[in-house]
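Colleague:
Residue numbers (our numbering): 7 to 716.
(1) Could you tell me the distance, in whole angstroms, from the CA atom of residue 428 to the CA atom of residue 361?
(2) So, is residue 75 buried or exposed, given that buried needs 16 or more other C-beta atoms within 10 angstroms?
(3) Is there contact between the region 82-93 and the region 120-128, where contact requires at least three CB pairs shorter than 8 Å?
(4) Assuming residue 173 and residue 189 make a contact with CB atoms under 8 Å, what is their CB distance in whole Å?
(5) Quick one: residues in its chain with C-beta nearer than 8 Å to the C-beta of residue 478, no 5 flanking neighbours on either side, listed in chain order?
(6) For residue 562, which option in 535, 533, 539 and 595 has the closest C-alpha, if you only look at C-alpha atoms?
(7) Take the Cβ of residue 373 as the centre, count every other Cβ of all protein chains shown within 10 Å, and call the residue buried at 16 or more, exposed below.
(8) Under three-state DSSP, which class holds residue 260?
(9) Any beta-carbon of chain B closer than 8 Å to the one on residue 134?
(10) Measuring CA to CA, which of 159, 191 and 486 is closest to residue 506?
(11) Check whether the Cβ atoms of residue 108 and residue 80 sit closer than 8 Å, and answer yes or no.
(12) What alpha helix (DSSP H) runs, 4 residues minimum, are completely inside the region 102-186?
(13) Which value, in whole angstroms, describes the spacing of the CA atoms of residue 375 and residue 293?
(14) Measuring straight from C-alpha to C-alpha, what distance separates residue 458 and residue 544?
(15) Alpha carbons only, please: which of 453, 404, 319 and 345 is nearest the one belonging to residue 270?
(16) Which residue comes first and which comes last in the beta strand (DSSP E) that contains residue 81?
(17) Tell me whether residue 496 sits in a helix, a strand or coil according to DSSP, three-state version.
(18) Evaluate contact between the region 518-537 and the region 388-402, counting only Cβ atoms and requiring at least three cross-stretch pairs below 8 Å.
(19) Would residue 532 be called buried (16 or more neighbouring beta carbons within 10 Å of its own) or exposed?
(20) My assumption, with CB atoms under 8 Å, is that residue 95 sits in contact with residue 84. Please give the rounded CB distance.
(21) Is it right to say residue 566 is buried, meaning 16 or more other beta carbons lie within 10 angstroms of its own, or is it exposed?
(22) Beta-carbon within less than 7 Å of residue 93's beta-carbon, same chain only, minus the 5 sequence neighbours each way: which residues are those?
(23) Which residue wins for smallest C-alpha separation from residue 115, given the options 99, 144, 167 and 199?
(24) Below 8 Å on the Cβ atoms is my guess for residue 141 versus residue 129; work out the distance and round it to an integer in Å.
(25) Look up residue 3 in the DSSP assignment and say whether it is helix, strand or coil.
(26) What is the DSSP secondary structure of residue 84, counted as helix, strand or coil?
(27) With a CB to CB cut of under 7 Å and the five nearest residues on each side skipped, what residues in its chain are close to residue 597?
(28) Verify whether the separation of the beta carbon atoms of residue 394 and residue 335 is less than 8 Å.
(29) Using a Cβ-Cβ cutoff of less than 6 Å, which residues in the same chain neighbour residue 70 once the five nearest sequence positions on both sides are dropped?
(30) Apply the 10 Å Cβ neighbour rule to residue 484 and answer buried if 16 or more other Cβ atoms are within range, or exposed otherwise.
(31) Would you kindly check if the distance between the Cβ of residue 460 and the Cβ of residue 527 is under 8 Å?
(32) Using a Cβ-Cβ cutoff of less than 8 Å, which residues in the same chain neighbour residue 489 once the five nearest sequence positions on both sides are dropped?
(33) Is it right to say residue 298 is buried, meaning 16 or more other beta carbons lie within 10 angstroms of its own, or is it exposed?
(34) Distance check for residue 275 and residue 302, CA to CA, integer angstroms please.
(35) Relative to the C-alpha of residue 613, which candidate in 392, 480, 559 and 166 has its C-alpha closest?
(36) Between the alpha carbons of residue 197 and residue 166, how many angstroms are there, rounded?
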């Protein structure tokens, strides 16, 4: 037994319906609450009507505390925009389609009756008859509490739910409820996998015949829903996902939407107005005079068209994620800004042209005066260039070599345009006069600029000459400084040689009649940068060496003391000392010798060796003390004297065998003397001997105790 809920919104072309079982639990057909075109809406409406006719209405078992409605998201607070709701519904629907799991979300101000978040969420789940594969994320926006109600036997484990809640908590804290919902759906999908979950909730509260009907209509609904999705996916490809996480100062999606809409309106008005003005200007001044304005307007129109395209993507029937909305809103704002900048870049020039038309006679007089001033400047620059040629090379003057000819050409063009403007004014055609005046102004301005460039270059060359003199003096001081610094790798000497060569070349440039101070100055500046860096590096190394020298002596003395202490301890207790302590003592002694060898030439490296020697000696003492503490004396040794002799390595271990009655063919008890040579006797059968002292020789001649350390 089941019933249906049908909702049709003609204005937004949305059809939604929900099939519910007798116990109130919804059949998972909520994926069909999706915007569509009118033909699709009509199809869904007809389907919903057929379902309603075949459905046998029954009363719900209980009245739920809060009805979940027909969708996945119930927002009683109003914190989600229509776009947020659409995006959330789309993603939660996709979760069900992929996993068979329903994930409902409820947003309220606070949890009441009961006030405990868990009890409240569970009560809503029970009141709505949710099954094992259906979850509720309850969010109290004012209480700032949330809880996910789940059946213990559901497909999501408790650990997975804990991870889900932990992941969405930062977004909830920032008030990004839409982002939290979408992230919860993503986390659930990741935990379940794309093939996990069963379409539970389809068996309770219905008879056998009812199940057959439900399954039939569910299959039909799923087929139509898939068809809608397939058609929509062919029409529209989503843009790349924008960053979801918003900073504290980031604009909300709603604010971006308002800004984008406002930018579209303003820019569209600006383009329309500019188009009208350009049409008027073309009629007055001609296409040639207005070509640059036409290009700017065309670029602005292209940007605006693209912005409108994005807006249509946002307004069409296909739901967009919040990430897509934010990206498109941002793109709209950027495109509108670009369009306005293109128009603004030419607006001043456009206004000037219109002013020239209204004031053509006076503007003509102004350009005549400007032309006369430019001619004077050009005449003076010609003489100035000849003076510069007598002092500097052609390479130094290459950028202004043809400036006199170029400036004279501009003046001639200005004269032609001035004459044309006079003729246009005389005939009453101020529009064409304005175009000619504009061209004359530009030509006059360029002629003046070409003349000024010669003067400016002369000033730059004079300044470079003075700078060269000052820089040479600075480099001479650097050379003296470099000579006083240590140069362990020879780089400083090479740099000194190269710098001296640069200085000599620069001095030659100053004395030559055709030099190039700018090139010489650039060469000196490069040399100065190089030598300054090496001097700083050498000074730093010198400073480090000085600091190392200050502590080197004390560190060496300290290392020597530790090495001596370790050596004395090991020697006097060598019968118990193993390889670790002896190795570190030997390495410490070697490191100390390195430190002593380098202390006069490389104090910094010598300090490192001295510090290592001290550390190794300390470790040798630690290992030696450990060996002594764990040493076990032989049981047959009696008396402190013998024990001490064994610890000190004075007595060889062979006495232990001899004293126990296991002597060889000769010798026996008593304290026989050991001699120079190996540990094996020269005569046959000798395996014992007295408790003899160790003697000079290899390891086989030493007195040893039996066994090993473990």
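Using N, Cα and C, we set each Cβ at its ideal position, and we do this for glycine too. On a predicted model such as this, the values are computed, not experimentally measured, just so you know.
Modeller: The structure says:
(1) 17 Å
(2) Flag for residue 75 reads buried.
(3) no
(4) 6 Å
(5) 509, 512, 513 and 530
(6) Ranking the options by Cα distance to residue 562, first place goes to 595.
(7) buried
(8) helix
(9) Absence of chain B from the displayed structure is noted, only one protein chain being present.
(10) For the options 159, 191 and 486, the alpha carbon positioned closest to that of residue 506 is the one of 486.
(11) No; because the gap between Cβ atoms is not below 8 Å, this pair is not in contact.
(12) 123-133 and 164-179, all fully within the region 102-186.
(13) 29 Å
(14) 47 Å
(15) For residue 270, the nearest C-alpha among the options comes from 345.
(16) 79-81
(17) coil
(18) yes
(19) exposed
(20) Residue 95 to residue 84, Cβ: 16 Å. No contact.
(21) If you draw a 10 Å sphere on the C-beta of residue 566, you find 16 or more other C-beta atoms in it, and that means buried.
(22) 184, 188, 325, 326, 327 and 328
(23) 144
(24) Wrong, their Cβ atoms sit about 15 Å apart, outside the cutoff.
(25) Because the chain here runs from 7 to 716, residue 3 falls outside it and cannot be looked at.
(26) DSSP places residue 84 in the coil class of the three-state scheme, outside both helix and strand.
(27) 615, 618, 619 and 622
(28) no
(29) Legend: pLDDT at residue 70 = 41, less than 50; position of this residue unreliable, no value from coordinates given.
(30) Residue 484 comes out buried.
(31) Cβ atoms of residue 527 and residue 460: not closer than 8 Å.
(32) 502
(33) It counts as exposed.
(34) Answer to the nearest angstrom: the Cα atoms are 16 Å apart.
(35) 559
(36) 7 Å
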